[in-house]
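See below for the structure under consideration.
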Amino acid sequence: MSSPDMLPKISGYEARELLRVGKPLHGYYIVGLLLLEENDTGYPVTIDHCWIDELTAISISFECPVRLLNSHFVRCQFTFVYFLQGLVIESCLFEQSLDFQAGGHNKPGFPVRLLGNTFNGFVNFFDCWYEADVQVEANTFQAGTNLLGAPATIPVTIDGIVLIQHNTGDLARNDEGSE
26 MSSPDMLPKI
36 SGYEARELLR
46 VGKPLHGYYI
56 VGLLLLEEND
66 TGYPVTIDHC
76 WIDELTAISI
86 SFECPVRLLN
96 SHFVRCQFTF
106 VYFLQGLVIE
116 SCLFEQSLDF
126 QAGGHNKPGF
136 PVRLLGNTFN
146 GFVNFFDCWY
156 EADVQVEANT
166 FQAGTNLLGA
176 PATIPVTIDG
186 IVLIQHNTGD
196 LARNDEGSE
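Position one of the sequence shown corresponds to residue 26 (this note's numbering), numbered consecutively onward.
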């Protein structure tokens, strides 16, 4: 996806309202901030073939699956966010850093999958705990990640099956993205 200009524009507020009534976001340019809050956790979140200015979720527990597919994110953060029924991020581009710190908590049977993505900024997994399977394959981490590192001597905890392969970039940084 090379330009958002080819997509119909909706605001972050309009996008959240579509998600709240159970509709996936497909083929939109989401202008401004799409803020997912505590009352936005009881429905599936699917974003597919979209261009998003900013997606933010902080200190919430998604009770349904979260799927980000074939989309372009200018800014995105999931700080202190639990993905109880899993997370799939596939074939996406993230222009800036992506923060997952102190999150995870996928339950058994609900894997976290990062497949074929490009992360231009640092991806922060500091103090994450994944209670089920994690699959990280064929991603490009241009600025690296601490997924396999241990900043402040705290590694990522993964209780399930781990499959990490065919990625490029430094996956074992021991910081939280500082240069």
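Where a beta carbon is used, it is the ideal one built from N, C-alpha and C, also for glycine.
- Closest in alpha carbon position to ILE83, among GLU62, VAL56, LEU139, is GLU62.
- Going by beta carbons, TYR53 and PRO69 fall outside the 7 Å limit.
- In the structure shown, LEU44 falls within a helical segment according to DSSP collapsed to helix, strand and coil.
- For secondary structure counted as the beta strand (DSSP E) over 3 or more consecutive residues, the stretch 41-90 holds these complete runs in sequence order: 54-61, 70-73, 76-83.
- With fewer than 16 other Cβ atoms inside 10 Å of its own Cβ, LEU188 counts as exposed.
- Contact annotation: PHE144 and PHE119 have beta-carbon atoms nearer than 7 Å.
- Counting of Cβ neighbours within 10 angstroms places GLN102 among the buried residues, the total reaching 16 or more.
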